[in-house]
Amino acid sequence: MLLLGEQAKADKIALLAMLLQEEHKEKELALKDNERELALKDKELEIQLVMKEKEMVINNKELEMQLAINNAVNNKELEMQLAINNAVNNKELEMQLVIRDKDMAHAIQMNKFKRQLSYVTRRYLLEKLFFEVFSLVDSQDLLAQQALAKLSTSQRKRFKPKSMSMTELNRLLLANDDLRIAAWKYMGLPQDLRLPHFDESPELLYGILSEAMHSSNGAYVYISDQAPAVEAEFFKNLARVFRKELEIYNQDLAEHAIQEEGVQARVADASA
27 MLLLGEQAKA DKIALLAMLL QEEHKEKELA LKDNERELAL KDKELEIQLV
77 MKEKEMVINN KELEMQLAIN NAVNNKELEM QLAINNAVNN KELEMQLVIR
127 DKDMAHAIQM NKFKRQLSYV TRRYLLEKLF FEVFSLVDSQ DLLAQQALAK
177 LSTSQRKRFK PKSMSMTELN RLLLANDDLR IAAWKYMGLP QDLRLPHFDE
227 SPELLYGILS EAMHSSNGAY VYISDQAPAV EAEFFKNLAR VFRKELEIYN
277 QDLAEHAIQE EGVQARVADA SA
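According to our numbering, the residues represented by the sequence shown are 27 to 298, in order.
Take a look at the structure:
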């Protein structure tokens, strides 16, 4: 009986050992399967990473190409826009230069004409002035009559347009303050207004006043921007009294026009 019990115990132990061994083998097999599965997953992940890197490289390359294309297109568009802008600006500049040249040519001609009219318009004001001065003889102005009474007998007899020249009257007014002040007050001119020495401009004082004044039939009196201050102030006041507008012309532009005409005339003569 004892032997049978030990045998049964030994068989159980052997069976248990066999079961444990089989369980161990199964675990080893399962572990190996897990390792193979992990290895496969690692391989797949590695392949995916490689593919991803290749895809990124391709995408980066495509992006670089697209950027290069965009830059090239943008640069070309920019170059075209700059070229268009430059062409437009150059055209506008050319037009402005043409307009400026036309404006300058017009200004030169206008100042030349104003210079030509300056003589007759200023002379007209002087004629008006001297006729008014001679009319003092027939006026009832007390101050004027007192000034005239102080003139010499010869001067009083000749104090009329057909007897006394413009040059003589100009000199008389320069020398006789009483007569000048009386005349200025009578006409509404400032009493301290200086009379220019027109002996330096004899072309304005042409001699005996004619019955018909040399009117320019215009509303303006022209004077050079280089005229002496005394002369400019004098004609400004005369223009006001005789209801004319004083306009100043550019002497340099006027002379430039005259010089150009002289050059053109010489060229024409040389080629004739």
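No residue lacks a Cβ here, since even glycine has one placed at the ideal position from N, Cα and C.
Within the DSSP bridge table, the entry for S250 names Y275 as partners.
Pairing F156 with M192 gives a Cβ-Cβ distance under 7 Å. When C-alpha distances from L205 are compared across L174, E49 and V163, the shortest belongs to L174. DSSP places A201 in the helix class (H, G or I) of the three-state scheme. Annotation for Q181: the continuous alpha helix (DSSP H) segment containing it runs T179 to K183. Inter-residue distance for G288 and M136 is about 17 Å (C-alpha atoms, whole angstroms).
Under the 10 Å beta carbon count, A280 is surrounded by 16 or more other beta carbons and is classified as buried. In the displayed model, H223 falls within coil according to three-state DSSP, outside both helix and strand. Put simply, the backbone Cα of S161 is about 14 Å away from that of S189.
Here L221 really is in contact with L200; their C-beta atoms are around 6 Å apart, less than 8 Å. Distance from the Cα of S144 is smallest, within the candidate group K211, Q171, A245 and A208, for A245.
Taking the C-beta atoms as reference points, Q252 is found no nearer than 7 Å to Q285.
DSSP places F261 inside the alpha helix (DSSP H), whose first and last residues are A255 to V267. No Cβ-Cβ contact shorter than 7 Å links F224 with N263. Membership of A175 in the alpha helix (DSSP H) is indicated by the continuous run L168 to A175. Contact annotation: V256 and T147 have beta-carbon atoms that are not nearer than 7 Å. Between L169 and A208 a beta carbon distance of about 4 Å is seen, short of the 8 Å cut, so the two are scored as contacting. Excluding its 5 nearest sequence neighbours in each direction, K154 has C-beta neighbours in its own chain below 6 Å: F268, listed in chain order.
Taking A133 as reference, the option from A296, L230, Q290 and I274 with the minimal CA-CA separation is I274. A residue is called buried when at least 16 other Cβ atoms come within 10 angstroms of its Cβ; S180 does not meet this threshold and is exposed. Excluding its 5 nearest sequence neighbours in each direction, W210 has C-beta neighbours in its own chain below 8 Å: P216, Q217 and L219, listed in chain order. Rounded to whole angstroms, the gap between the alpha carbons of L89 and M82 is 10 Å. With respect to A283, K138 sits close: the two C-beta atoms are nearer than 7 Å.
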